[in-house]
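Reading through the structure tokens given below for one structure.
Residue numbers (the working numbering), protein chains in the order written: chain X, 275 to 480; chain A, 275 to 480.
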């Protein structure tokens, strides 16, 4: 009885990523959007999610909306906590990629070292996308009034004002939202996904 | 230009859970397996994942294998760290449920208060499943030799030996792995999922 039970509860292999991807007809991956506050990361993330979902992709956005009050609710705004915030996002994004999703993360993530951690978590599935707009453009948009508050000194260590933004050195894609509108910006990302994450369909093409 | 840019980068609504579930033809949810070490949580999780995947479900397992070295790599074994471990698992499981997955978590999670936190994160999508085997059975299996080490005093605060296991008071399902084999145990969970998470198909049934 004992021996039998031991054998019975031997662990079998999990459903692997390749099997998931074959069913989904696309690779899993992390689209890591990085850029200044106001550069358009959240908008781009949500619009790309909608478009990819409509195309049949399995896609999910990680951003402040679903992480701030949940997984990262016990983190503040110290440098250490911000690093831990990005570390957790990177690890969760990697899990979603492993589960076969195209996971879009939308966080300023101003430090190269933190983004490098996220890249390591996801491995080859990591796609860094620089959502790029100059500070003046971002500040003029200021959708949440944060730049104004930062200029008044009410928000310490605000990226671009009182804390650095370390631009990606070798991003997979740059989306310039200062000179392109949302439709153009979304199209660039969709094209990138089609080239890098879609499975080639064998029907109807030669 | 400024106004235009501001308007352009207005955030639209994300793909909501209902839309995801309709495409998947099943609800998202968290199957929270709790029980002693050796009760069979991991085996059950992996076997249920395989079976559900084969049935077309979107399903993913969270367990020590994919969390210990990633998201929870900066946690130790103090009571505080164990609580934080379960809190993070609960939050990530809730994200997977929100993304439309059946997320199976397989952790001892011995404390009611910790499981209650996971339940709150996932809301109505939380399904507590007690993977139940008496201590003697679990100890006789001892697949990783942990009970033996715990009895020798080499592992402090080991659930069932030197730390309590607080049984679920009102689990949605009890799977008795001491008296049932894996096939029977898996069938119980599959039946539960079919009754609680599957969408009723309208074709061919009256």
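Just so it is clear, CB atoms sit at the ideal spot from N, CA and C, and this is done for glycine as well.
Check: By DSSP, does residue 275 of chain A sit in helix, in strand, or in coil?; Outcome: Below a pLDDT of 50, predicted positions are generally treated as unreliable, and residue 275 of chain A, at 32, falls in that range; the measurement from the model is reported next regardless. Residue state, collapsed to three classes: coil.
Check: With 16 as the cutoff for other CB atoms within 10 Å, does residue 287 of chain A come out buried or exposed?; Outcome: exposed
Check: Buried or exposed for residue 460 of chain X, going by 16 or more other Cβ atoms inside 10 Å?; Outcome: buried
Check: Closer than 9 Å by beta-carbon distance: list the chain A residues that pair up with residue 335 of chain X, in chain order.; Outcome: 288, 289
Check: Please go through the same chain and pick out, in chain order, the residues whose beta-carbon is closer than 6 Å to the beta-carbon of residue 354 of chain X, but skip the five residues on each side of it.; Outcome: none
Check: Looking at the structure shown, is residue 343 of chain X part of a helix, part of a strand, or coil, going by DSSP?; Outcome: coil
Check: Which residues in the same chain have their Cβ closer than 6 Å to the Cβ of residue 361 of chain A, if we skip the five residues on either side of it in sequence?; Outcome: 391
Check: Straight-line CA distance for residue 467 of chain A to residue 418 of chain X?; Outcome: 43 Å
Check: Identify, in the order they occur along the chain, each residue of the same chain with its Cβ nearer than 7 Å to the Cβ of residue 358 of chain A, setting aside the five sequence neighbours on each side.; Outcome: 349
Check: Please classify residue 411 of chain X as buried or exposed, where buried requires at least 16 other C-beta atoms within 10 Å of its C-beta.; Outcome: buried
Check: Output the distance between the C-alpha atoms of residue 365 of chain X and residue 452 of chain X, rounded to the nearest integer angstrom.; Outcome: 30 Å
Check: Between which residues of its own chain and residue 293 of chain A is the CB-CB distance below 8 Å, once the five residues before and five after are set aside?; Outcome: none
Check: Check the DSSP bridge columns for residue 304 of chain X and list the partner residues they point to.; Outcome: X:377, X:400
Check: Run through chain A and tell me which residues come within less than 8 Å of residue 340 of chain X, C-beta to C-beta.; Outcome: 369, 372
Check: Can you pull the chain X residues whose beta carbon is under 8 Å from the beta carbon of residue 395 of chain A, in chain order?; Outcome: 344
Check: Once you ignore the five residues that flank residue 448 of chain X on each side, which residues in its own chain have a CB closer than 6 Å to its CB?; Outcome: 404, 406
Check: Against residue 365 of chain X, what residues of chain A qualify as contacts under a CB-to-CB distance less than 7 Å, listed in chain order?; Outcome: 344, 345
Check: Residue 447 of chain X by DSSP, collapsed to three states: which one?; Outcome: strand
Check: Would residue 470 of chain A pass as a contact of residue 401 of chain A if the rule is Cβ separation under 8 Å?; Outcome: yes
Check: Could you pull the start and end residues of the alpha helix (DSSP H) that residue 334 of chain A belongs to?; Outcome: No alpha helix (DSSP H) contains residue 334 of chain A, which is instead part of the beta strand (DSSP E) from 333 to 337.
Check: Looking at the C-beta of residue 425 of chain X, does it have a partner C-beta in chain A at a distance below 8 Å?; Outcome: no
Check: I want to know whether the segment 313 to 333 of chain X touches the segment 419 to 436 of chain X - three or more CB-CB distances under 8 Å.; Outcome: no
Check: According to DSSP, simplified to helix, strand and coil, what is residue 315 of chain A?; Outcome: helix
Check: Per DSSP, residue 371 of chain A is paired with what?; Outcome: Note: residue 371 of chain A sits in no beta bridge, so no partner.
Check: Using the rule of at least 16 other Cβ atoms within 10 Å of the residue's Cβ for burial, across every protein chain shown, is residue 393 of chain A buried or exposed?; Outcome: buried
Check: Under three-state DSSP, which class holds residue 418 of chain A?; Outcome: coil
Check: Report the neighbours of residue 327 of chain A on chain X: residues whose CB is nearer than 7 Å to its CB, in chain order.; Outcome: 289
Check: Just the chain X side, please: which residues come within less than 9 Å of residue 422 of chain A by C-beta, in chain order?; Outcome: Residues of chain X passing the Cβ test: none, with the nearest at roughly 13 Å.
Check: Kindly list, in the order they appear in chain A, the residues whose Cβ is closer than 9 Å to that of residue 324 of chain X.; Outcome: 286, 287, 288, 289
Check: What is the rounded straight-line gap between the Cα of residue 414 of chain X and the Cα of residue 423 of chain X?; Outcome: 13 Å
Check: Can you give me the start and stop residues for the alpha helix (DSSP H) that residue 466 of chain A sits inside?; Outcome: 456 to 470
Check: Can you tell me where the alpha helix (DSSP H) holding residue 291 of chain A begins and where it ends?; Outcome: 291 to 298
Check: Any idea which residues DSSP pairs residue 433 of chain X with across the strands?; Outcome: X:437
Check: Applying the criterion that 16 or more other CB atoms from any shown protein chain within 10 Å of the CB defines a buried residue, is residue 330 of chain A buried or exposed?; Outcome: exposed
Check: For residue 345 of chain A, I'd like the list of residues in its chain whose CB is within less than 8 Å of its CB, leaving aside the five on either flank, ordered along the chain.; Outcome: 362, 366
Check: Have a look at the DSSP bridge pairing and note the partners of residue 406 of chain A.; Outcome: A:450
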